[in-house]
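To convert, note that position 396 of the sequence shown is 465 in my numbering; the numbers rise steadily by one, no gaps. A virtual CB, placed ideally from N, CA and C, is assigned to each residue, including glycine.
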Amino acid sequence: MQQSLTPGNGMLLPRTLHYFPANVAVLSVCGSCLGFHTKQILRARHFWTCSCPRALGRQRPLSVTIRYASDKGTARGGAEPLWSPLKDFLGLDRLDTGQKLDISRRQLTELLTTNDRTLIKSMYAVAEAATTAYFGTKVYARGIVEFSNVCTKDCFYCGIRKHTKVHRYTMTKEEILACAEFAYSQGMGTLMLQSGELPSPERINFMLDVVRAIRRRTMDLACESPPFPSAGPNQRDFPSQRGLAVALSLGELPSSVYQAFLEAGASRYLLRIETSNPTLYTRLHPASHSFQARRKCLEELQRIGFQVGTGVMVGVPFQTVEDQANDLLFFKELDPDMIGLGPYIVQSQTPLGKLWLEEHGEESAAKQEANRVALLERTTRMYALARIMLGNVNIAATTALEALDPEGRELALRRGANVVMPIITPQRLRGQYEIYENKPGIDQDALDSTACLERRVRMAGKDLLLDGGWHDPPHFVRPSVE
Ligand code: SF4
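Below, the structure is given as structure tokens:
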């Protein structure tokens, strides 16, 4: 039996999980609470209304369609027929919405390469259902400021590596703060500060000062003005989550520095491993760069209490499909809170870019087009499998996808991603942070980038959430009691 449920009727849904009775169905529940209560929703039969502040009249609740498999009370997702090919492929008796699946290396390799359209469609449908179960149709926004392209490292694929000729810049504290105010005024909730790797004491002290200043200034702004009209539960439930959340992507640093950043007010850290294969890592980096050191940094960040993100490149030279399968298993083992997956896009001035051009530069236009389409498919399949395996983590639809296809990010949002990262770096500097060629948005300013992204998210059938909330993924358990 399938029922289309409409919002508004019913009783309050307690946020305490174990009070929630079995065989009761949730009807009206906002996006974030839908994720919170997924397991309960699956066991539900009657109609309830979410009790979070957002659902109480501030935002139209989400309408949920639930299909009942039997009277035994195990409701299954409304799109189950579409899921069957994946369920059968994995040899499962049942497949519940948002269930985190264990998939073997062999199965992953097959799923990454299969041409079976029914199985591929099924994989995408399960990934989309899981995303919806945890996040509704909401897409979180994290404003990103590329505040410096100075880097002491020499990664073979990167357009701002130490040995690339590019004008070097570092924004001033006031310039970064202006970006923070912009992000806050747009309701982004999180500001990501990204740069090349520069572990000098001067840079670290500068950044500690910047992090403190961003937290202070945006908390002041939050106190001066009322919360955003559509503010989510975070701003009300957790006063310490007022102002902007600060996320950092500054590369490998000593544990004591990570600890100092956490104490200064940063709460999230993105450090992409780029590949989980140590041998491949050595082919993508000079001998002085260590896979083990990078991995250790990720573990330290988790131990210290950061919300940690990692990610890989897809389609990089020498990478095999087994490497990609292992990347997904690496995610499963590391258990991060955020994932950032991007296709490898050539930067012709880099060692890897030159190598790639030697091999592929002379290919016909038709072949190049086929490569582009294949890379887009290969990358978005990784999104879908990451969602299916990891469930309730944040997955960012990276800007690099748009370099492959103008609708690349929309595709990722329909195949497992739930986060976008509008670039709010001042327009005059964007051309100098070209880590790969044809980076989108170089000629846009921050307002254009945000508006453009809002349109794109809508085109994917989702809503960009600009309510000032921090929107931790349900996977992240905050270490201290608020
Ligand atoms: S990838 Fe990061 S660490 Fe490596 S060269 Fe580029 S900016 Fe520097």
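Q) What are the start and end residues of the beta strand (DSSP E) that includes Q416? A) Along the sequence shown, read from residue 1 onward, the residue named residue 416 stands at position 347. Annotation for Q416: no beta strand (DSSP E) segment contains it, and DSSP assigns it neither H nor E.
Q: Tell me whether A529 sits in a helix, a strand or coil according to DSSP, three-state version.
A: If you number the sequence shown from 1, residue 529 lands on position 460. Coil, per DSSP.
Q. What residues are listed by DSSP as bridge partners for I408?
A. Position 339 of the sequence shown holds residue 408. DSSP lists T379 and I464 as the beta-bridge partner residues of I408.
Q.
Quick check on this structure: which residue in R524, A194, S191 and R186 has the alpha carbon closest to the alpha carbon of E479?
A. The sequence position of residue 479 within the sequence shown is 410, counting from 1. Ranking R524, A194, S191 and R186 by Cα distance to E479 puts R524 first.
**Q.** Length at least 3, wholly inside the region 328 to 389: the beta strand (DSSP E) runs in chain order
**A.** Counting whole runs of 3 or more residues, the region 328 to 389 contains the beta strand (DSSP E) stretches 335 to 339 and 376 to 383.
Q. Is DSSP giving F216 helix, strand or coil here?
A. Mapped onto the sequence shown, residue 216 falls at position 147. The answer is strand: DSSP assigns F216 an E or B state.
Q. Relative to the C-alpha of A453, which residue among N487, E438 and P475 is closest?
A. In the sequence shown, the residue the question calls residue 453 occupies position 384. For A453, the nearest C-alpha among the options comes from N487.
Q | Length at least 4, wholly inside the region 434 to 461: the alpha helix (DSSP H) runs in chain order | A | Complete alpha helix (DSSP H) runs here, min 4: 434 to 459.
Q) Just how far apart, CA to CA, sit T468 and A439? A) Here residue 468 refers to the residue found at position 399 of the sequence shown. Here residue 439 refers to the residue found at position 370 of the sequence shown. In this model, T468 and A439 are separated by some 21 angstroms (Cα to Cα).
Q. Between which two residues does the alpha helix (DSSP H) carrying A469 extend?
A. For the purposes of this step, residue 469 is taken as residue 400 along the sequence shown, with counting starting at 1. Where A469 is concerned, the enclosing alpha helix (DSSP H) stretches over A469 to L473.
Q: Excluding the 5 residues preceding and the 5 following I273 in the sequence, name in chain order all residues of the same chain whose CB lies nearer than 7 angstroms to its CB.
A: On the sequence shown, position 204 is the one that residue 273 refers to. If we look at I273 and ignore the five residues flanking it on each side, its Cβ neighbours are V326.
Q: Starting from the Cα of V442, find the closest Cα among K190, E476, L424 and E431 and give me that residue.
A: Start at 1 with the first residue of the sequence shown, and residue 442 comes out as number 373. Closest in alpha carbon position to V442, among K190, E476, L424 and E431, is E476.
Q. Helix, strand or coil: how does DSSP classify T200 here?
A. As a working note, residue 200 is residue 131 in the sequence shown. Look at T200 here: in three-state DSSP terms it is helix.
Q) For the beta strand (DSSP E) that contains T259, what are its first and last residues? A) Position 190 of the sequence shown holds residue 259. Segment T259 to S264, the beta strand (DSSP E) holding T259.
Q.
Looking only at its chain, what residues have a beta carbon closer than 8 angstroms to the beta carbon of G622, apart from the 5 residues adjacent to it on each side?
A. No answer is possible for residue 622: it lies beyond the span of the chain, which begins at 70 and ends at 551.
(Q) Does the distance between the C-beta of C248 and the nearest non-hydrogen atom of the ligand MN fall short of 7 angstroms? (A) In terms of ligand content, the structure shown lacks the ligand MN and carries the ligand SF4 instead.
(Q) Per the DSSP calculation, L534 is bridged to which residue(s)? (A) Stepping through the sequence shown from its first residue, residue 534 is reached at position 465. In the DSSP output, where bridge partners are listed per residue, L534 has Y209.
**Q.** contact_flag[the region 371 to 378, the region 232 to 241] where n(CB pairs < 8 angstroms) is 3 or more
**A.** No, the region 371 to 378 does not touch the region 232 to 241.
Q: State buried or exposed for H115, treating a residue as buried only when at least 16 other CB atoms are found within 10 Å of its CB.
A: In the sequence shown, residue 115 corresponds to position 46, counting from 1. Because H115 sits at a pLDDT of 36, beneath the cut-off of 50, its placement in the model cannot be relied upon, and the point is left open.
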